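Enquirer:
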Amino acid sequence: MTKPYLKPLALALSIALAGTACSKHDDTAAPAQPAAPASAPAPASTAAAAAKPAGPTFNVADLDTGINACDDFNGFVNAKWVAANPIPDDRTRWGAFDQLAENSLNTQHEIVDAADKGADSAKAGSIEQKIGLLYRSGMNDAAIEKAGIDPLKPELAKIDALKTPSDIVGFLDTSFNDGNGYVFSFSAGADFQNAKMQIGYANQDGLGLPTKDYYTDPKQADNRKAYVAYITKTLELAGVPDADAAKQADLVMKFETQLAAASLAPVELRAPENQYHFVTVAEADKITPHFDWAKFFSTQGVTIDKGFSLSQPKFFKEFDKMLASTPVSTWQAYLRFHAIDSASPYLSKNFQDNKFDFYGKTLAGQPQQKPRWKRVLGTVNGSMGEALGQLYVAKVFKPEAKERANELVTNVRNALKARIEKLDWMSDETKQKAIAKWNTFLPKIGYPDKWRDWSGLDVNGDNYFGNVEAASKFNYHYDIAKIGKPTDRLEWGMTPQTVNAYYNPTDNTINFPAAILQPPFFDANGDDGINYGGIGAVIGHEASHGFDDEGSQFDGEGNNKKWWTKEDRKKFDERTDKLVQQFNDYTPLKDHPDLHVNGKLTLGENIADLGGINVAYDALQEALKKNPQEAQSKIDGYTQDQRFFLNWARVWRGSVRDKQAMLYLNVDPHAPASLRAIGAPSNMEAFATAFQCKPDSKMVRSGDKQVKIW
Numbered sequence: 013m014t015k016p017y018l019k020p021l022a023l024a025l026s027i028a029l030a031g032t033a034c035s036k037h038d039d040t041a042a043p044a045q046p047a048a049p050a051s052a053p054a055p056a057s058t059a060a061a062a063a064k065p066a067g068p069t070f071n072v073a074d075l076d077t078g079i080n081a082c083d084d085f086n087g088f089v090n091a092k093w094v095a096a097n098p099i100p101d102d103r104t105r106w107g108a109f110d111q112l113a114e115n116s117l118n119t120q121h122e123i124v125d126a127a128d129k130g131a132d133s134a135k136a137g138s139i140e141q142k143i144g145l146l147y148r149s150g151m152n153d154a155a156i157e158k159a160g161i162d163p164l165k166p167e168l169a170k171i172d173a174l175k176t177p178s179d180i181v182g183f184l185d186t187s188f189n190d191g192n193g194y195v196f197s198f199s200a201g202a203d204f205q206n207a208k209m210q211i212g213y214a215n216q217d218g219l220g221l222p223t224k225d226y227y228t229d230p231k232q233a234d235n236r237k238a239y240v241a242y243i244t245k246t247l248e249l250a251g252v253p254d255a256d257a258a259k260q261a262d263l264v265m266k267f268e269t270q271l272a273a274a275s276l277a278p279v280e281l282r283a284p285e286n287q288y289h290f291v292t293v294a295e296a297d298k299i300t301p302h303f304d305w306a307k308f309f310s311t312q313g314v315t316i317d318k319g320f321s322l323s324q325p326k327f328f329k330e331f332d333k334m335l336a337s338t339p340v341s342t343w344q345a346y347l348r349f350h351a352i353d354s355a356s357p358y359l360s361k362n363f364q365d366n367k368f369d370f371y372g373k374t375l376a377g378q379p380q381q382k383p384r385w386k387r388v389l390g391t392v393n394g395s396m397g398e399a400l401g402q403l404y405v406a407k408v409f410k411p412e413a414k415e416r417a418n419e420l421v422t423n424v425r426n427a428l429k430a431r432i433e434k435l436d437w438m439s440d441e442t443k444q445k446a447i448a449k450w451n452t453f454l455p456k457i458g459y460p461d462k463w464r465d466w467s468g469l470d471v472n473g474d475n476y477f478g479n480v481e482a483a484s485k486f487n488y489h490y491d492i493a494k495i496g497k498p499t500d501r502l503e504w505g506m507t508p509q510t511v512n513a514y515y516n517p518t519d520n521t522i523n524f525p526a527a528i529l530q531p532p533f534f535d536a537n538g539d540d541g542i543n544y545g546g547i548g549a550v551i552g553h554e555a556s557h558g559f560d561d562e563g564s565q566f567d568g569e570g571n572n573k574k575w576w577t578k579e580d581r582k583k584f585d586e587r588t589d590k591l592v593q594q595f596n597d598y599t600p601l602k603d604h605p606d607l608h609v610n611g612k613l614t615l616g617e618n619i620a621d622l623g624g625i626n627v628a629y630d631a632l633q634e635a636l637k638k639n640p641q642e643a644q645s646k647i648d649g650y651t652q653d654q655r656f657f658l659n660w661a662r663v664w665r666g667s668v669r670d671k672q673a674m675l676y677l678n679v680d681p682h683a684p685a686s687l688r689a690i691g692a693p694s695n696m697e698a699f700a701t702a703f704q705c706k707p708d709s710k711m712v713r714s715g716d717k718q719v720k721i722w
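Each residue of the sequence shown is one higher than the last, beginning at 13 in my numbering.
#1: GLU503 to MET438, Cα distance in whole Å?
#2: In three-state terms, what does DSSP make of PHE198?
#3: Among residues of its own chain, excluding the 5 on either side of GLU330, which ones have a beta-carbon nearer than 8 Å to its beta-carbon?
#4: Please report the residue range of the beta strand (DSSP E) in which THR651 lies.
#5: Would you check if the distance between the CB atom of PHE754 and the CB atom of ASN80 is smaller than 8 Å?
#6: Could you please give me the residues that DSSP links to ASN215 through a beta bridge?
#7: Write down every uninterrupted run of the alpha helix (DSSP H) in the region 601-676 whose length is 4 residues or greater and which is fully enclosed by it, in chain order.
#8: Distance check for GLN205 and THR311, CA to CA, integer angstroms please.
#9: Is it buried or exposed, ALA446, if we count other Cβ atoms within 10 angstroms and call 16 or more buried?
#10: Decide if ALA62 is buried, meaning its Cβ has at least 16 other Cβ atoms within 10 Å, or exposed.
#11: Using only the alpha-carbon positions, how far apart do TYR488 and GLY191 sit?
#12: Between ALA159 and LYS165, what straight-line distance do the alpha-carbon atoms span, to the nearest angstrom?
#13: Taking the CB atoms as reference points, tell me whether THR246 and GLY397 lie closer together than 8 Å.
#14: Pull up the distance between the alpha-carbon of GLY1 and that of ALA155, whole angstroms please.
#15: For ALA91, collect the residues of the same chain with a Cβ closer than 7 Å to its Cβ; drop the 5 residues on either side in sequence, then sort them by chain order.
#16: Please identify the residue among TYR514, LYS494 and ASP648 whose C-alpha is closest to the C-alpha of ILE542.
#17: Which of the three DSSP states is assigned to PRO68 in this structure?
#18: Just checking ASN475 against the ligand ZN - is the residue's beta carbon closer than 7 Å to any of the ligand's heavy atoms?
#19: Going by DSSP, what residue range makes up the beta strand (DSSP E) through PRO455?
#20: Do you know how far the Cα of ILE547 is from the Cα of GLY568?
#21: Please look up how many angstroms separate the CB atoms of ALA427 and ALA631, rounded, as I've assumed it's under 8 Å.
#22: Classify LEU420 as helix, strand or coil using the three-state DSSP reduction.
#23: Which first and last residues belong to the beta strand (DSSP E) in which SER321 is found?
#24: Would ALA527 be called buried (16 or more neighbouring beta carbons within 10 Å of its own) or exposed?
#25: ARG105 by DSSP, collapsed to three states: which one?
#26: Note down, one range per segment and in chain order, each beta strand (DSSP E) of at least 3 residues found wholly within the region 306-377.
#27: Measure the CB-CB distance between HIS121 and TRP385 and report whether it falls below 8 Å.
#28: Could you tell me which of GLU415, PHE486 and GLY473 sits nearest to ILE457, measuring between CA atoms?
#29: Return yes when the Cβ of ARG665 is within less than 8 Å of the Cβ of ALA108, no when it is not.
#30: Excluding sequence positions up to five away, which residues of its chain have a Cβ less than 6 Å from the Cβ of THR300?
#31: Determine the DSSP secondary structure at ALA482, reduced to helix, strand or coil.
#32: Buried or exposed: which applies to SER337, given that a residue is buried once 16 or more other Cβ atoms fall within 10 Å of its Cβ?
#33: With a cut-off of 8 Å, do at least 3 Cβ pairs link the region 544-561 to the region 604-621?
#34: Return the chain-ordered ranges of every beta strand (DSSP E) run that is complete within the region 486-549 and spans a minimum of 3 residues.
#35: Quick check: the region 354-370 against the region 236-252, are at least 3 beta-carbon pairs closer than 8 Å?
#36: Just to confirm, are SER467 and PRO600 a CB contact at a threshold of 8 Å?
This is the structure:
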């Protein structure tokens with residue numbers, strides 16, 4: 013189940029946003045903006061061949077000294093590596109994050125393979141046994157092919173039996189309880205007005221295309237046509253006659269277009285007021301008179317006390333209107349398609365390939381599907397990710413890495429506090445509240461202090477679809493069982509094996525999984541310049557999210573409150589508007605000069621990048637004061653300040669296929685990685701000084717063009 017209420021703010025995109033809204037844990041999705049360098053060319057077949065162990069320090073042989081660092085810093089640091097490392101055919105992009113993520117996947121592969129081999133002799137009910145059986149079932153091609161679409165037939169029969177709007181409501185209620193949400197999503201989350209408690213959140217969902225604009229934008233006409241063709245073929249594969257499948261596909265497209273018109277766009281969804289709309293059950297029923305919320309909650313087995321968040325009222329009004337006025341046959345076509353689409357990764361090969369052809373090839377430009385083991389491993393991560401993380405940590409995470417990371421977190425946090433205290437544009441009144449929020453930050457490093465209990469989940473080795481269904485229901489009820497209970501700040505929203513990091517505004521935590529605490533981000537034995545330019549800037553990035561345009565609307569307790577003076581907020585907005593314009597001006601695709609970055613959509617991440625690199629640089633200077641010998645020496649001909657910026661850019665090295673890049677521009681709150689390498693440093697005098705840049709250099713912003721926030 014997706015959780016579209018206020019999402020944790022991650023360093024990078026974790027999965028390609030190209031799956032359907034109704035899918036459970038789609039193993040067809042491509043991984044994130046993620047990893048570590050290697051100079052040798054990578055074969056363009058699979059990413060497994062391209063993954064190399066990350067070097068412990070910066071390899072200056074990767075630098076393209078024919079490019080002026082002051083004019084094109086990304087090219088100076090990364091062009092040579094990118095040219096030598098083409099995107100593997102089973103990827104839509106390849107770079108530093110991806111390479112490190114690939115190494116993590118290979119380690120996880122070893123773990124699940126061993127768990128599969130040892131499942132029959134493992135302790136009954138242990139996570140080792142369950143992971144082994146789940147993975148085994150996904151790799152059992154013969155059983156999956158033999159089953160074909162049979163595992164989904166009971167669900168399709170329920171859809172075929174629908175006769176009235178009341179039947180549709182009953183089907184939706186039951187489907188959610190089974191872990192299969194349609195049209196909207198329902199989950200638990202911290203109450204924006206009392207973040208210490210968990211409430212229910214109902215959110216817009218239900219679209220098969222990435223955003224609402226895909227349904228109307230003339231530029232997306234080809235994608236719409238391809239989507240209708242995909243719907244048609246999906247229905248045909250399930251046994252719907254060709255002519256009827258085409259008619260149903262048109263109905264599905266019209267249905268979703270109507271739903272999209274009532275949906276909010278990604279930029280709109282960034283605003284907290286569009287993520288939270290608290291209502292009583294009676295008030296919700298007035299918005300959707302044809303959908304009984306008390307009955308829905310009763311079916312889910314949750315008790316709603318004072319109320320819940322019906323987060324986008326306009327969407328739910330349209331949903332209710334469609335319940336009453338849209339023909340049942342159209343609802344059946346919509347539900348039938350999404351049931352098949354959601355199940356496709358766990359059915360026979362023809363369904364898997366069909367889904368990849370649209371979401372992988374057509375939308376993202378990926379030439380080749382990932383090998384079967386990676387797709388199944390994706391399902392294991394979606395179904396039992398924290399359990400797999402428990403085994404991952406035991407295998408690879410060293411205590412000394414956690415200790416050194418803790419030290420860096422402390423130093424970077426202190427640098428952020430010092431910056432807040434020295435701000436010349438913020439009043440003392442707001443500063444005091446900012447420091448109060450800073451004081452309540454909770455850093456979490458590596459993995460959870462307490463592991464999740466999986467004793468209620470039953471899996472076997474020969475029913476892949478059944479295992480995924482069981483896990484989906486188990487995880488859904490684990491989530492909604494939190495409703496009405498205190499928020500647990502120690503719980504993680506990301507697995508230890510994920511190469512990423514995140515900030516959560518509603519519990520004010522900064523979180524750094526074990527998998528990111530290694531080169532090129534972090535080296536326990538590395539020099540300060542490299543570590544502060546890598547994981548130090550990541551730490552600063554996540555901490556700065558607490559004070560970006562969205563995070564700054566939440567206090568230290570995680571409540572959505574206005575704690576700024578009006579004058580200070582005005583000054584903040586004036587500064588962030590300049591950052592919006594900076595990124596609006598970027599055109600990242602050489603062959604598509606009309607396509608720009610959306611500065612509003614990416615604003616939060618850009619603020620975090622700018623704040624993060626600045627506070628990390630300050631922390632480096634403090635560290636060097638304690639180590640003057642390191643401060644005054646060069647490594648491979650580069651100073652500590654230079655190595656700091658070199659590693660910042662290395663973290664963002666990589667390339668992406670044009671179709672995927674265009675998709676990201678529409679849906680990703682992160683700017684393209686190549687621009688993240690240069691965007692923040694171009695606003696820093698420290699960068700210009702480190703590389704002795706002339707005032708008219710492209711990497712030097714001055715006067716009104718220079719952005720300073722935190």
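By construction, the Cβ of each residue, glycine as well, lies at the ideal position given by its N, Cα and C atoms.
Every value quoted in this text rests on a predicted model; they were computed, and no experiment measured them.
Expert: According to the structure data:
#1: Here residue 503 refers to the residue found at position 491 when the sequence shown is read from its first residue. Here residue 438 refers to the residue found at position 426 when the sequence shown is read from its first residue. GLU503 and MET438 have their C-alpha atoms spaced approximately 33 Å apart.
#2: By one-based count along the sequence shown, residue 198 stands at place 186. Strand, per DSSP.
#3: The residue labelled residue 330 in the question sits at position 318 within the sequence shown. Closer than 8 Å at the Cβ level, and outside the excluded window around GLU330, lie GLN270, LEU271, ALA273 and ALA274.
#4: Taking the first residue of the sequence shown as 1, we reach residue 651 at position 639. No beta strand (DSSP E) holds THR651; DSSP gives it neither H nor E.
#5: Beyond the ends of the chain as shown, which are 13 and 722, falls residue 754; an answer cannot be given.
#6: For the purposes of this step, residue 215 is taken as the residue at position 203 of the sequence shown. DSSP, once it has assigned bridges, lists SER197 as partnering ASN215.
#7: Along the region 601-676, the alpha helix (DSSP H) occurs as fully enclosed runs of 4 or more residues at 615-637, 640-644 and 652-663, listed in sequence order.
#8: By one-based count along the sequence shown, residue 311 stands at place 299. By one-based count along the sequence shown, residue 205 stands at place 193. Straight across, the Cα-Cα distance linking THR311 with GLN205 is about 27 Å.
#9: Translated into the one-based positions of the sequence shown, residue 446 becomes position 434. Answer is buried; the Cβ neighbour count reaches 16.
#10: For the purposes of this step, residue 62 is taken as the residue at position 50 of the sequence shown. In this prediction, ALA62 has a pLDDT of 41, which is less than 50 and means its spatial position is unreliable; what the coordinates show is noted afterwards. Around the beta carbon of ALA62, 16 or more other beta carbons lie within 10 angstroms, which makes this residue buried.
#11: Here residue 488 refers to the residue found at position 476 when the sequence shown is read from its first residue. Here residue 191 refers to the residue found at position 179 when the sequence shown is read from its first residue. Straight-line Cα distance between these residues: approximately 6 Å.
#12: Stepping through the sequence shown from its first residue, residue 159 is reached at position 147. Stepping through the sequence shown from its first residue, residue 165 is reached at position 153. Each residue's alpha carbon lies about 11 Å from the other.
#13: Counting from 1 along the sequence shown, the entry for residue 246 is found at position 234. Counting from 1 along the sequence shown, the entry for residue 397 is found at position 385. In this structure, THR246 lies away from GLY397, with their beta-carbon atoms at least 8 Å apart.
#14: This structure gives no information on residue 1, because the portion of the chain shown stretches from 13 to 722.
#15: As a working note, residue 91 is residue 79 in the sequence shown. Once the five neighbours on either side are set aside, the close Cβ partners of ALA91 are ASP76 and ILE79.
#16: As a working mapping, residue 542 is identified with position 530 in the sequence shown. It is ASP648 whose Cα lies nearest to the Cα of ILE542.
#17: Indexing the sequence shown from 1 puts residue 68 at position 56. Its pLDDT being 44, under 50, PRO68 is placed unreliably by the model, and nothing is read from it.
#18: The ligand ZN is absent from the structure shown, which contains no ligand whatsoever.
#19: The residue given as residue 455 occupies position 443 in the sequence shown. From DSSP, the beta strand (DSSP E) with PRO455 extends over 454-458.
#20: Walking along the sequence shown from the start, residue 568 turns up at place 556. Walking along the sequence shown from the start, residue 547 turns up at place 535. Answer to the nearest angstrom: the Cα atoms are 24 Å apart.
#21: As a working note, residue 427 is residue 415 in the sequence shown. As a working note, residue 631 is residue 619 in the sequence shown. That pair is a contact at about 4 Å.
#22: In the sequence shown, residue 420 corresponds to position 408, counting from 1. Three-state result, LEU420: helix.
#23: Here residue 321 corresponds to residue number 309 of the sequence shown, with the count starting at 1. For SER321, the uninterrupted beta strand (DSSP E) run begins and ends at 320-322, by DSSP.
#24: Your numbering for residue 527 matches position 515 in the sequence shown. Classification of ALA527: buried, given that the 10 Å Cβ count is 16 or more.
#25: In the sequence shown, counting from the first residue as 1, residue 105 sits at position 93. Correct three-state label for ARG105: strand.
#26: For the region 306-377, the continuous beta strand (DSSP E) assignments of 3+ residues that do not extend past its boundaries occur at 320-322, in sequence order.
#27: Numbered from 1 along the sequence shown, position 109 holds the residue referred to as residue 121. Numbered from 1 along the sequence shown, position 373 holds the residue referred to as residue 385. Contact flag set, yes.
#28: Numbered from 1 along the sequence shown, position 445 holds the residue referred to as residue 457. For ILE457, the nearest C-alpha among the options comes from GLU415.
#29: Position 96 of the sequence shown holds residue 108. Position 653 of the sequence shown holds residue 665. Inclusion of ALA108 and ARG665 in the CB contact set at 8 Å is warranted, their separation being smaller than that value.
#30: Here residue 300 refers to the residue found at position 288 when the sequence shown is read from its first residue. Taken in chain order, the residues that qualify are PHE328 and ASP332.
#31: If you number the sequence shown from 1, residue 482 lands on position 470. In the three-state reduction of the DSSP assignment, ALA482 falls in the helix class, which pools H, G and I.
#32: On the sequence shown, position 325 is the one that residue 337 refers to. Label assigned to SER337: exposed.
#33: The region 544-561 is in contact with the region 604-621.
#34: Within the region 486-549, the complete beta strand (DSSP E) runs of at least 3 residues are 514-516 and 521-525.
#35: Three or more beta-carbon pairs drawn from the region 236-252 and the region 354-370 are found closer than 8 Å, and the two stretches are therefore classed as touching.
#36: As a working mapping, residue 467 is identified with position 455 in the sequence shown. As a working mapping, residue 600 is identified with position 588 in the sequence shown. In this structure, PRO600 does not lie closer than 8 Å to SER467 by Cβ.
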